[in-house]
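J.: Can you keep this structure in mind? I'll have questions shortly.
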């Protein structure tokens, strides 16, 4: 997702990404340096966030 890549690393302020309704078939990895990242989806019941890959998140 290009918007996540564009988000600043170690941000002290919220970085908001607006996601339009639709079906997105892609693997999205959010690096642990992307702090204060907010995803807002269009509508209240139209979106689904599905996962086909599940990885354990380890914070050091």
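In UniProt numbering, the protein residues as written are 1 to 60.
The beta carbon of each residue, even a glycine, is placed where N, CA and C say it ideally should be.
Nearest CA to the CA of residue 10: which residue from 24, 30, 2 and 41?
T.: 30
J.: Buried or exposed: which applies to residue 5, given that a residue is buried once 16 or more other Cβ atoms fall within 10 Å of its Cβ?
T.: exposed
J.: Would you give the residue range spanned by the beta strand (DSSP E) that residue 40 belongs to?
T.: 37-41
J.: In this structure, does DSSP put residue 4 in helix, strand or coil?
T.: helix
J.: Secondary structure at residue 19, three-state DSSP: helix, strand or coil?
T.: Three-state result, residue 19: strand.
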